[in-house]
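Remarks on the structure that follows.
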Amino acid sequence: MFETLSDRLTSVFSSLRGKGRLSEEDINATAREIRLALLEADVALPVVRDFIARIKERSRGEEVSKALNPAQQVIKIVNEELVEILGGETRQVRFAKNPPTVIMLAGLQGAGKTTLAGKLAKWLAAQRNTPLLVAADLQRPNAVTQLQVVGERAGAPVFAPEPGNGVGDPVEVARLSIEFAERNNHNVVVIDTAGRLGVDTEMMKQAADIRDAVSPDEIIFVVDAMIGQDAVNTAQAFLDGVGYDAVALTKLDGDARGGAALSIRHITGRPIMFASTGEKLDDFDLFHPDRMASRILD
Ligand code: GDP
1 MFETLSDRLT SVFSSLRGKG RLSEEDINAT AREIRLALLE ADVALPVVRD FIARIKERSR
61 GEEVSKALNP AQQVIKIVNE ELVEILGGET RQVRFAKNPP TVIMLAGLQG AGKTTLAGKL
121 AKWLAAQRNT PLLVAADLQR PNAVTQLQVV GERAGAPVFA PEPGNGVGDP VEVARLSIEF
181 AERNNHNVVV IDTAGRLGVD TEMMKQAADI RDAVSPDEII FVVDAMIGQD AVNTAQAFLD
241 GVGYDAVALT KLDGDARGGA ALSIRHITGR PIMFASTGEK LDDFDLFHPD RMASRILD
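Mapping to full-length UniProt numbering: the sequence shown position 120 is 120, numbers consecutive.
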């Protein structure tokens, strides 16, 4: 995860070791190297610009600590700015005052929504919730079965289209699932929606219709971190087309660069809430900006 950036930053910092006070030239050279490292990691340009401006400003500022040498000082600043750009605080799930809490997942096909639905259900159940998974992806022939398989592994029941359950109409399935959850004491409902290979208006409209029918407490945009800058573009398209409260980044295990993780919060203004780091149900957790920054600087 993020090996490229990690390696580049390590070499930037090692060139500062042993220096006394940092000259303006040192700061500029360091900023230039960090800029290149971020660009190579596929971080969006406006994010790189802001990041570098902050690093320069703070490195020149009066933050001199007697306990830290200049190299350590720069590492500390970069660490704090990385945490900031990754979202600062860990974003927790906001549960509804009156259950069920409705969580809707949206994103492109292949982003990892169905897998994430299962992971989320297992994670929620481990915290004494009683999640219900809802199969509102009726686009892909296998999607309902796939969710049922995942649900079984996660130990969470699946509300799926069948006679009386809104066959063929994802909005109706979603709507009826809430009533089902109320009757059967499920305190959280996780709705898996349809995605397509590319952003299209019909898909957006369907997601928006489901949103309007069930008023989710959390809409989570699910995106494959490995697609880098495309993740940022897709994130923007979904923000305009459907809107969402938070982001789940998937396939972080295969992301050597880290561009999506480092750009998405700054570009969309939405926090990253979940990190998915593998195909197994347990490869999943809340996204912790501070831990992620430490990993990058490890
Ligand atoms: P959906 O179309 O958005 O529902 O995506 P799926 O849940 O079907 O996932 C697409 C593929 O990505 C599947 O082969 C998953 O096993 C795989 N996948 C999902 N999440 C992760 C992850 O975090 N890491 C890895 N390596 N693979 C993942």
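Heads up, the beta-carbon is just placed ideally off N, CA and C, and yes, glycines get one too.
Bear in mind the structure is a predicted one, so any value in this text is a computation, not a measurement.
- Not one heavy atom of the ligand GDP sits closer than 7 Å to the Cβ of Gln-206.
- Counted as a single uninterrupted DSSP element, the stretch harbouring Asp-298 is not any alpha helix (DSSP H), since DSSP gives it neither H nor E.
- In this structure the segment 98 to 113 touches the segment 181 to 200; the number of beta carbon pairs closer than 8 Å is three or more.
- Rounded to whole angstroms, Pro-157 and Ile-27 show a C-alpha spacing of 56 Å.
- Counting only residues of its own chain and dropping the five nearest sequence neighbours on each side, Pro-131 has a CB closer than 7 Å to the CB of Ala-121, Leu-124, Ala-125, Ala-156, His-186, Val-188, Val-190.
- Shortest gap from the CB of Ala-246 to any heavy atom of the ligand GDP: 7 Å or more.
- By a beta-carbon distance limit of 8 Å, Ala-136 does not contact Gln-148. Their separation comes to about 13 Å.
- For Glu-152, the shortest separation between its Cβ and any heavy atom of the ligand GDP does not lie below 7 Å.
- By DSSP's assignment, Phe-284 forms a beta bridge with Ser-276.
- Taking the CA atoms as reference points, Lys-251 sits about 6 Å from Ala-225.
- DSSP places Ala-194 in the coil class of the three-state scheme, outside both helix and strand.
- Nearest to Leu-281 by alpha-carbon distance, out of Gln-139, Thr-114, Ala-207, is Thr-114.
- Of the heavy atoms belonging to the ligand GDP, none sits nearer than 7 Å to the Cβ of Glu-89.
- The three-state reading of DSSP puts Phe-95 in coil, since its state is none of H, G, I, E or B.
- Note that the C-beta distance between Leu-82 and Ile-219 is not below 8 Å.
- In this structure, Val-93 lies away from Leu-262, with their beta-carbon atoms at least 8 Å apart.
- Under the criterion of beta carbons closer than 8 Å, Gly-195 and Met-203 qualify as touching, at roughly 7 Å.
- As computed with DSSP, Pro-131 is found in a beta bridge with Val-188.
- At least 8 Å separates the beta-carbon of Ile-267 from that of Ala-53.
- In the assembly as shown, Asp-240 is an exposed residue. Its beta-carbon has fewer than 16 other beta-carbons within 10 Å.
- Within the chosen limit of 7 Å, the ligand GDP reaches the beta carbon of Val-222 through at least one heavy atom.
- In this structure, Ile-264 keeps its C-beta atom at 8 Å or more from the C-beta atom of Val-222.
- In the DSSP assignment, Leu-249 falls outside any alpha helix (DSSP H) and within the unbroken beta strand (DSSP E) covering 246 to 250.
- At least one heavy atom of the ligand GDP lies less than 7 Å from the C-beta of Ala-111.
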